[in-house]
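Trainee: Heads up: the protein sequence lines correspond to chains Y and D, in order.
Going by my numbering, the first residue of the first sequence is number 1, and it counts up by one from there.
Going by my numbering, the first residue of the second sequence is number 1, and it counts up by one from there.
The structure's right below; bear with me while I get my questions together.
Protein chains: 2
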Amino acid sequence: MTFNNVLIGQAGGPTAVINQSLWGVVSTLYDSKKVGAVLGARQGVAGVLKGDLIDLRATGRRRWKSVAQTPGAALGSVRHKPTEEECARILEQCTAFGVRHFVYIGGNDSAETAMLLSSMARTAKRELSIWHVPKTIDNDLRVTDHCPGYGSAARFVACAFLGDEEDNRSLGGVKINVVMGRDAGWLTAASVLARRHEDAGPHLIYVPERPFSLEAFANEVDAVVKRIGRCVVAVSEGVRDAAGKPIVNSSERDSHGNLQLSGSGQLGDQLAAYLKAKLGLKRVRADTLGYLQRSFAGCVSKVDAAEAFEVGRTAAKAALKGKLEGGSVALLRREGKKRYEAECALIDLARVAKVTRPLEAQFLAGNSDVTPEFAAWLSPLVGDLPVTERLLHKSWTR
Amino acid sequence: MTFNNVLIGQAGGPTAVINQSLWGVVSTLYDSKKVGAVLGARQGVAGVLKGDLIDLRATGRRRWKSVAQTPGAALGSVRHKPTEEECARILEQCTAFGVRHFVYIGGNDSAETAMLLSSMARTAKRELSIWHVPKTIDNDLRVTDHCPGYGSAARFVACAFLGDEEDNRSLGGVKINVVMGRDAGWLTAASVLARRHEDAGPHLIYVPERPFSLEAFANEVDAVVKRIGRCVVAVSEGVRDAAGKPIVNSSERDSHGNLQLSGSGQLGDQLAAYLKAKLGLKRVRADTLGYLQRSFAGCVSKVDAAEAFEVGRTAAKAALKGKLEGGSVALLRREGKKRYEAECALIDLARVAKVTRPLEAQFLAGNSDVTPEFAAWLSPLVGDLPVTERLLHKSWTR
Numbered sequence: 001m002t003f004n005n006v007l008i009g010q011a012g013g014p015t016a017v018i019n020q021s022l023w024g025v026v027s028t029l030y031d032s033k034k035v036g037a038v039l040g041a042r043q044g045v046a047g048v049l050k051g052d053l054i055d056l057r058a059t060g061r062r063r064w065k066s067v068a069q070t071p072g073a074a075l076g077s078v079r080h081k082p083t084e085e086e087c088a089r090i091l092e093q094c095t096a097f098g099v100r101h102f103v104y105i106g107g108n109d110s111a112e113t114a115m116l117l118s119s120m121a122r123t124a125k126r127e128l129s130i131w132h133v134p135k136t137i138d139n140d141l142r143v144t145d146h147c148p149g150y151g152s153a154a155r156f157v158a159c160a161f162l163g164d165e166e167d168n169r170s171l172g173g174v175k176i177n178v179v180m181g182r183d184a185g186w187l188t189a190a191s192v193l194a195r196r197h198e199d200a201g202p203h204l205i206y207v208p209e210r211p212f213s214l215e216a217f218a219n220e221v222d223a224v225v226k227r228i229g230r231c232v233v234a235v236s237e238g239v240r241d242a243a244g245k246p247i248v249n250s251s252e253r254d255s256h257g258n259l260q261l262s263g264s265g266q267l268g269d270q271l272a273a274y275l276k277a278k279l280g281l282k283r284v285r286a287d288t289l290g291y292l293q294r295s296f297a298g299c300v301s302k303v304d305a306a307e308a309f310e311v312g313r314t315a316a317k318a319a320l321k322g323k324l325e326g327g328s329v330a331l332l333r334r335e336g337k338k339r340y341e342a343e344c345a346l347i348d349l350a351r352v353a354k355v356t357r358p359l360e361a362q363f364l365a366g367n368s369d370v371t372p373e374f375a376a377w378l379s380p381l382v383g384d385l386p387v388t389e390r391l392l393h394k395s396w397t398r
Numbered sequence: 001m002t003f004n005n006v007l008i009g010q011a012g013g014p015t016a017v018i019n020q021s022l023w024g025v026v027s028t029l030y031d032s033k034k035v036g037a038v039l040g041a042r043q044g045v046a047g048v049l050k051g052d053l054i055d056l057r058a059t060g061r062r063r064w065k066s067v068a069q070t071p072g073a074a075l076g077s078v079r080h081k082p083t084e085e086e087c088a089r090i091l092e093q094c095t096a097f098g099v100r101h102f103v104y105i106g107g108n109d110s111a112e113t114a115m116l117l118s119s120m121a122r123t124a125k126r127e128l129s130i131w132h133v134p135k136t137i138d139n140d141l142r143v144t145d146h147c148p149g150y151g152s153a154a155r156f157v158a159c160a161f162l163g164d165e166e167d168n169r170s171l172g173g174v175k176i177n178v179v180m181g182r183d184a185g186w187l188t189a190a191s192v193l194a195r196r197h198e199d200a201g202p203h204l205i206y207v208p209e210r211p212f213s214l215e216a217f218a219n220e221v222d223a224v225v226k227r228i229g230r231c232v233v234a235v236s237e238g239v240r241d242a243a244g245k246p247i248v249n250s251s252e253r254d255s256h257g258n259l260q261l262s263g264s265g266q267l268g269d270q271l272a273a274y275l276k277a278k279l280g281l282k283r284v285r286a287d288t289l290g291y292l293q294r295s296f297a298g299c300v301s302k303v304d305a306a307e308a309f310e311v312g313r314t315a316a317k318a319a320l321k322g323k324l325e326g327g328s329v330a331l332l333r334r335e336g337k338k339r340y341e342a343e344c345a346l347i348d349l350a351r352v353a354k355v356t357r358p359l360e361a362q363f364l365a366g367n368s369d370v371t372p373e374f375a376a377w378l379s380p381l382v383g384d385l386p387v388t389e390r391l392l393h394k395s396w397t398r
């Protein structure tokens with residue numbers, strides 16, 4: 001029995017380009033004689049535990065290229081973080097399936113799982129290399145300049161605010177858009193790319209890295225309304241007060257016992273009701289951008305898609321070389337270049353596992369804005385945005 | 001004093017292509033020597049009443065082409081339907097501004113305003129022609145095959161469901177998406193374009209044209225979950241029970257005294273909470289697609305953009321000819337053609353004013369679906385949709 005099969009899984013919330021990473025791995029191995037079967041675990045580690053595997057070379061290259069463009073996790077995903085006992089069982093399953101390399105595409109939780117598996121495999125002297133391929137729309141992984149999946153989600157947020165700014169200019173009032181990001185404000189901050197004019201929204205940007213006070217919020221909205229007669233607000237679903245208590249009054253919990261923030265309009269509705277009561281405003285509307293931010297079909301950043309493919313490819317090439325016991329892949333931005341450039345680098349799993357990375361202080365401006373440096377940093381990851389333009393305002397009188 | 005100026009206004013909820021219609025009107029008159037000033041009323045009739053007008057030829061052609069591609073109403077919009085007294089004042093203002101033609105871009109309410117203005121002008125023997133240019137994402141105008149603005153909003157809804165189907169397949173559970181449409185289900189029905197596989201969502205489509213029962217809803221979701229282990233639901237914001245009572249428990253009213261349906265996540269949250277309690281399901285999520293449906297930048301149907309331009313152009317050309325006292329424009333689909341074709345026709349204002357058009361019974365399938373004929377009717381209006389593809393499922397065992 002030979003141990004040269006490769007097993008791949010996807011975990012956590014999907015992104016618009018997570019299948020590019022999958023195809024990045026698979027395409028590299030597709031014609032390789034160094035590996036045996038190229039296997040996909042359905043629903044991540046759940047599929048490994050159950051032995052629910054599919055042959056990834058059963059899908060032809062042409063179809064694969066379409067799969068790569070498809071949002072969502074083509075293998076199915078899982079939110080479950082395996083226990084140490086389950087990790088032991090996963091290692092046994094890998095042996096039973098003749099797996100030499102295990103590639104796990106996911107966020108920091110998946111990196112932690114990969115690290116645990118890797119350490120247990122080493123202790124047990126199993127011949128198994130474990131690779132983590134990063135993805136997350138939250139952009140909260142360490143070391144890497146940014147995460148695959150983030151650029152496309154940021155593009156969605158920017159396009160939403162570009163259009164909403166025009167909608168708000170048309171009819172006035174206050175518009176609140178709630179953006180994903182439980183602990184990190186990277187995605188909410190992306191709304192700044194819609195600010196094309198001095199008086200354009202988002203006028204206020206609230207991220208979890210800064211304490212949120214309802215009073216200050218109402219005062220800041222009031223000031224914008226007094227200045228320009230309307231206001232567009234970007235607020236992260238994860239905003240909390242100075243004591244760290246979430247602003248949303250909800251009792252719904254997800255399967256990790258975390259407060260359910262996405263898939264509900266509650267925070268937006270609550271903030272809108274507060275503003276109406278506090279400021280006596282007539283037209284206050286709230287939208288929660290929701291799952292569309294990570295799944296909307298046809299709103300992909302080209303740079304993000306290419307990089308997502310490349311991080312997968314880098315992990316597969318490293319596995320083929322067979323010198324390392326595993327690792328993760330980071331995107332390093334080349335400094336001092338006129339045009340944006342980034343390269344993939346292999347890094348230790350320990351450097352990316354567990355701990356997340358907040359939106360950095362250097363990118364924050366006061367309590368309710370981000371800096372121009374942030375917009376400049378983000379812009380190449382999102383790509384050219386749709387045209388929006390205003391009429392020249394030349395008043396006419398008879 | 002000559003009466004050859006043209007005055008244009010935009011009204012109601014903006015669309016992604018309402019500025020194409022505006023440019024359709026303006027571009028036709030831009031170099032014409034038959035008309036005097038080409039004026040835009042800011043915030044529709046509100047601007048006419050206040051004399052808040054801008055010179056639309058102050059904006060150059062190149063900038064205009066960018067404005068045409070911009071979502072939202074470039075002139076500003078208004079929800080106010082003028083009273084008879086206000087209409088009399090509008091006519092006086094038109095005389096004061098030397099206006100010979102008034103073009104109003106809007107839905108059925110705007111057509112009604114145009115009809116009233118037209119009839120009052122005729123009675124008073126004023127030399128004034130009144131034109132209505134149709135727009136609405138609700139697609140609820142009569143006579144016309146479909147409304148400019150609908151195709152792009154339908155495209156957004158289809159792309160949202162295409163991606164959400166993949167997201168739901170990745171992680172399972174029940175996903176509810178609330179779609180705009182207070183009285184008509186046209187936009188909610190557009191979700192059907194995402195159904196590319198026999199087991200693909202949206203699995204259930206609820207429109208206001210059919211009575212909505214919470215019990216039946218829970219039973220139908222339960223049946224889908226039992227069959228395929230997950231469920232994607234499209235539900236119109238305007239669904240109501242057999243007695244005509246809205247399902248959403250809300251006391252928020254808009255400026256017309258109508259129940260506020262958009263700009264709130266309440267209906268989705270309520271339906272999700274109901275399903276969780278009734279069916280004991282763990283993962284139920286709801287998104288309310290919200291204002292993005294009409295404003296998202298970069299999700300425009302090419303056919304819709306071209307037709308929106310053309311209806312504006314048709315009204316302007318009719319005004320230039322000067323034979324008629326006004327009217328509206330309808331899109332007529334040429335029957336029996338292999339490829340989709342439509343032409344613009346002038347129609348009486350009375351045929352489009354006031355009364356709206358529900359999603360037709362021939363397009364409805366039972367209580368919670370639409371027919372394949374509807375998808376075939378809609379498809380050319382939306383254009384080619386983004387690729388989504390699945391892996392071939394070939395199980396692997398050692």
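Built from N, CA and C at the ideal position, the CB exists for glycine as well.
Source: prediction; values computed, not measured.
Are D55 of chain Y and L292 of chain D close, meaning C-beta to C-beta below 9 Å?
Mentor: Against a cut-off of 9 Å, the Cβ pair of L292 of chain D and D55 of chain Y comes out as no contact.
Trainee: Tell me whether the beta-carbon of G312 of chain D lies closer than 9 Å to the beta-carbon of T288 of chain D.
Mentor: Taking 9 Å as the Cβ cut-off, G312 of chain D and T288 of chain D do not qualify as a contacting pair.
Trainee: Based on the DSSP output, what are the partners of I137 of chain D in its beta bridges?
Mentor: In the DSSP output, where bridge partners are listed per residue, I137 of chain D has none listed.
Trainee: Does any C-beta atom of chain C lie closer than 9 Å to the C-beta of D287 of chain D?
Mentor: The chain labelled as chain C is not found among the protein chains of the depicted structure, namely Y and D.
Trainee: Apply the 10 Å Cβ neighbour rule to S395 of chain D and answer buried if 16 or more other Cβ atoms are within range, or exposed otherwise.
Mentor: Result: exposed.
Trainee: Within 10 angstroms of the Cβ of Y340 of chain D, are there 16 or more other Cβ atoms? Answer buried if so, exposed if not.
Mentor: Looking at its Cβ environment, which holds fewer than 16 other Cβ atoms inside 10 Å, Y340 of chain D is exposed.
Trainee: Return helix, strand or coil for Q401 of chain D, following the three-state DSSP convention.
Mentor: Residue 401 of chain D cannot be examined here, being either before or after the span of chain D that is shown, 1 to 398.
Trainee: Considering just the uninterrupted stretch of the beta strand (DSSP E) at R333 of chain D, what are its terminal residues?
Mentor: That run of the beta strand (DSSP E) goes 326-333.
Trainee: Assign P372 of chain Y to one of three DSSP states: helix, strand, or coil.
Mentor: Helix, per DSSP.
Trainee: With 8 Å as the limit, tell me which residues of the segment 288-304 of chain D have their beta carbon closer than that to any beta carbon of chain Y; keep them in chain order.
Mentor: So the close ones are T288, L289, G290, Y291, L292, R294, S295, F296, A297, G298, C299.
Trainee: Report the partner residues of K175 of chain D according to the DSSP bridge assignment.
Mentor: In DSSP, K175 of chain D forms a bridge with D:V232, D:R285.
Trainee: Which whole-angstrom value describes the C-beta separation of G469 of chain D and R195 of chain D, a residue pair presumed to lie in contact below a C-beta threshold of 8 Å?
Mentor: Any property of residue 469 of chain D remains undetermined from this structure, which presents chain D solely from 1 to 398.
Trainee: Does H393 of chain Y get closer than 9 Å to chain D when you measure Cβ to Cβ?
Mentor: Closer than 9 Å: yes.
Trainee: Can you find a CB in chain D that lies within less than 9 Å of the CB of K175 of chain Y?
Mentor: By this cut-off, K175 of chain Y is an interface position.
Trainee: Specify the secondary structure class of A114 of chain D as computed by DSSP and reduced to three states.
Mentor: Three-state DSSP puts A114 of chain D in a helix.
Trainee: Under a CB-based cut-off of 9 Å, is L281 of chain D close to chain Y?
Mentor: So no, L281 of chain D is outside the interface.
Trainee: When you compare the CB of F102 of chain Y with every CB in chain D, is at least one pair closer than 9 Å?
Mentor: It does not; no Cβ of chain D falls within 9 Å.
Trainee: Pull up the distance between the alpha-carbon of A74 of chain Y and that of V67 of chain Y, whole angstroms please.
Mentor: The straight-line gap from Cα to Cα measures roughly 7 Å.
Trainee: What residues from the segment 34-46 of chain Y come within 9 Å of chain D, judged by C-beta to C-beta, listed N to C?
Mentor: Within the segment 34-46 of chain Y, the qualifying residues are A37, L39, G40, R42, Q43.
Trainee: Is the beta carbon of A315 of chain D less than 9 Å from the beta carbon of G24 of chain D?
Mentor: Yes.
Trainee: Tell me which residues share the same chain as T123 of chain D and place their Cβ nearer than 8 Å to its Cβ, disregarding the 5 neighbours each side in the sequence.
Mentor: Correct list: empty, nothing qualifies.
Trainee: With respect to the beta strand (DSSP E) encompassing A46 of chain D, which residues constitute its N-terminal and C-terminal limits?
Mentor: No beta strand (DSSP E) contains A46 of chain D, which is instead part of the alpha helix (DSSP H) from 45-50.
Trainee: Candidates Y:A375, Y:G290, Y:I347, Y:A319: which alpha carbon is nearest L364 of chain Y's?
Mentor: Nearest of Y:A375, Y:G290, Y:I347, Y:A319 to L364 of chain Y, Cα basis: Y:A375.
Trainee: Listed in chain order, which residues of the segment 7-22 of chain Y have Cβ atoms closer than 7 Å to some Cβ of chain D?
Mentor: Within the segment 7-22 of chain Y, the qualifying residues are P14.
Trainee: Contact criterion: CB-CB distance below 9 Å. Does T59 of chain Y meet it with respect to chain D?
Mentor: Output row for T59 of chain Y: interface = yes.
Trainee: At least one CB of chain Y closer than 9 Å to the CB of G107 of chain D: is that the case?
Mentor: Chain Y contact via Cβ: absent.
Trainee: Do V370 of chain Y and V207 of chain Y have their C-beta atoms closer together than 9 Å?
Mentor: Yes, Cβ-Cβ distance for V370 of chain Y and V207 of chain Y is below 9 Å.
Trainee: Using 9 Å as the limit for Cβ to Cβ distance, is A190 of chain D near chain Y?
Mentor: Answer no: the Cβ-Cβ gap between A190 of chain D and chain Y never drops below 9 Å.
Trainee: Using the Cβ count rule (16 or more neighbours within 10 Å means buried), how would you classify Q362 of chain D?
Mentor: By the neighbour-count rule (16 or more Cβ atoms within 10 Å), Q362 of chain D is not buried but exposed.
Trainee: Since Q266 of chain D meets chain Y, which of its residues come closer than 7 Å, beta carbon to beta carbon?
Mentor: Residues of chain Y passing the Cβ test: G265, D269.
Trainee: Here's a check: name, in chain order, each residue in its chain whose Cβ is nearer than 6 Å to the Cβ of V233 of chain Y, leaving out the five neighbours to either side.
Mentor: The residues are I176, L204.
Trainee: Going by DSSP in three states, R240 of chain Y sits in which element: helix, strand or coil?
Mentor: Three-state DSSP puts R240 of chain Y in a strand.
Trainee: Please work out which residues of its chain come closer than 8 Å, Cβ to Cβ, to L332 of chain D, disregarding the five sequence neighbours upstream and downstream, and give them in chain order.
Mentor: T144, D145, A342, E343, C344, A345.
Trainee: Does any C-beta atom of chain D lie closer than 9 Å to the C-beta of G24 of chain Y?
Mentor: Not closer than 9 Å to any Cβ of chain D, the Cβ of G24 of chain Y fails to qualify, so no.
Trainee: Taking CB distances under 9 Å as the criterion, tell me whether A73 of chain D reaches chain Y.
Mentor: Interface residue, yes.
Trainee: Listed in chain order, which residues of the segment 220-237 of chain D have Cβ atoms closer than 9 Å to some Cβ of chain Y?
Mentor: Of all residues in the segment 220-237 of chain D, none has a Cβ within less than 9 Å of some Cβ in chain Y.
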